[in-house]
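In this note's numbering, the protein residues as written are 4 to 118. Comments concern the structure below.
Below, the structure written as structure tokens:
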């Protein structure tokens, strides 16, 4: 199984980016999908997740600015990021969890918010 993330880059504060992640290979019954991020010198944190039922969760700092969407059948998860702040600068990792709680990870995509 491979997860391919894309969409990172350099954006000015207040700008927007859309991250996409597509999984290939066989994944038995996806339970949830989402995005983590890791900023320099900080621990990895969960940014957003979406369950098989469509229920979403966000870390407080991105609520109202980020929107996660996904399709478990297509094995794709996206993260629409708006009103970006310098504090959002990080490497973003997509992940998929199956019903056996096996985690699959993407390679990470760098988001830099700077003027």
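All residues carry an ideal CB built from backbone N, CA and C; glycine is no exception. Keep in mind that this is a model prediction, so the values were computed, not measured.
Rounded to the nearest whole angstrom, the C-alpha separation of residue 80 and residue 23 is 6 Å. Residue 6: member of the beta strand (DSSP E) spanning 5 to 9, first to last residue. The criterion of a C-beta distance shorter than 8 Å is satisfied by residue 93 and residue 41.
Restricting attention to 115, 91, 73 and 26, the CA atom closest to the CA of residue 50 is found in 91. Scanning 6, 15, 117 and 116 for the CA closest to the CA of residue 36 turns up 6. Per DSSP, residue 70 is one residue of the beta strand (DSSP E) stretching across 69 to 74. Leaving aside the five residues that flank residue 60 on each side, the residues in its chain whose CB is nearer than 6 Å to its CB run, in chain order, 52.
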